[in-house]
Structure formats: C-alpha cells, structure tokens
Amino acid sequence: MRFWVGCGLFAFLLPVAAECATAPNAEAGKIVFVKCALCHTNEPGKNKIGPSLFGIVGRKSASLPDYNYSEAMKNFHHTWDAKTLDNYLADPRTVVPGTKMIFPGIKDETQRENLIAYLETLK
Ligand code: HEC
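Quick note on our numbering: the sequence shown kicks off at 1 and runs consecutively.
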C-alpha cells in the first residue's frame, strides 16, 4: 500500500504516469534484499557467509581483501555494474560456475531491477 501511495504521488509530481510503473523502486528492492541478508550485510567491512554488499555497484568482483572468495569468483574478473549484477542474480551458478554462493537466483525481472536500485543506494 505504501509503495502504491508513493508511486501515485510520483505520478502526480511528474506527469509521466507510465514512467512510474516501470521505474526501478529501491524501497521495494530493500524488501527483496531480505533474501540476501541471510548471507550478506549492507554495511561496510562486515562479512557474513558472503562478502559485504556495501558499495557493490561499481566494485570489482572478488575484490574485498578480508573475504575468502572461491576460485571461481576470483577468476570471474568483472565489475559489478547493473548489467552484470542482473545476469548474475538471475542465475548465479550459471554465470559463475563453481561459485560458493548457494542461491537459486531471482527469476522475476522487476524484483531484480528493484533490488539493483536498492544496491545502488549502498554507498
Ligand atoms: C546462502 C547464502 C547467500 C545468499 C542467500 C546470497 N548470497 Fe551472494 N554470496 C554468497 C557467497 C558465499 C558469496 C561468495 C561467492 C564466491 O566466492 O564464490 C557471494 C557473493 C556475492 C556477490 C559477489 C561479491 C563480490 O565481492 O565479488 C554478489 C554481488 C552477491 N553475492 C550478491 C547477492 C545478492 C544481491 C543476494 C540476494 C539476492 C545474494 N547474494 C544472496 C552467499 C549468498
């Protein structure tokens, strides 16, 4: 309900109502992040089972010095931009075969977009 009201207000302020339905929504993405929070924090320097996701957008893969990445992730050699994250989060073990991130992926494109919009706020 809260999102709907927020969206309505947005449409009111900007007379491009269609934009509202498709714009990635970081607030909604924060809820998707609950799935990630089992293994990841959104705080700098705090690793759990997985590395901290603070500042993940624009960060080089496997680049946190205090986290013990798998060989697969060390050999991935990409920067986590929105496109790379979108591919990876749809199906982690296909994009990085052998990763120790045991997560089936997020199949819903809108949920992934919202999640990435949220990840972009972590800086
Ligand atoms: C079951 C635990 C688990 C869950 C749930 C999980 N991850 Fe991970 N994640 C990991 C582990 C472990 C790694 C390290 C992978 C490796 O080294 O192969 C990782 C690595 C990553 C990386 C690469 C980080 C880097 O520094 O290169 C990203 C990006 C990432 N996860 C995003 C997410 C997002 C977003 C979610 C939620 C949709 C998520 N993960 C859910 C365990 C998890």
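Virtual Cβ for every residue (Gly too), placed ideally from N, Cα, C.
Keep in mind that this is a model prediction, so the values were computed, not measured.
Suppose you measure from the CA of residue i to the CA of residue j; what does that come to, to the nearest Å?
i      : j      : result
Thr99  : Ser61  : 12 Å
Tyr67  : Gly50  : 8 Å
Asn87  : Trp80  : 10 Å
His78  : Ala117 : 19 Å
Pro104 : Cys36  : 11 Å
Ile102 : Ala28  : 23 Å
Phe76  : Pro65  : 16 Å
Asn22  : Arg93  : The sequence given here has Thr at residue 22, not Asn. Using only the alpha carbons, I get a separation of about 28 Å.
Ala131 : Ala26  : In the structure as shown, the chain starts at 1 and stops at 123, and residue 131 therefore has no counterpart that could be examined.
Please state whether the Cβ-Cβ distance between residue i and residue j is less than 7 Å.
i      : j     : result
Leu119 : Ile56 : yes
Val95  : Met73 : no
Lys30  : Cys39 : no
Gln111 : Val32 : yes
Ile106 : Leu89 : yes
CB-CB under 8 Å to residue i, same chain, minus the five flanking residues each way: which ones, in chain order?
i      : result
Leu122 : Asn42, Leu53, Phe54, Gly55, Ile56, Val57
Arg59  : Thr79, Trp80
Glu71  : Gly98
Cutting at 7 Å between CB atoms, please list the residues of its own chain near residue i, excluding the five before and the five after it.
i     : result
Gly45 : Ser52
Asp91 : Gly105
Tyr69 : Ala62
Give the C-beta separation of residue i and residue j to the nearest angstrom, bearing in mind that I take them to be a contact with Cβ-Cβ under 8 Å.
i      : j     : result
Glu109 : Pro24 : The Cβ separation is near 10 Å, so there is no contact.
How about residue i: is its Cβ closer than 6 Å to a heavy atom in the ligand NAD?
i      : result
Leu122 : Judged by which ligands are present, the ligand NAD is missing from the structure shown, whose ligands are the ligand HEC.
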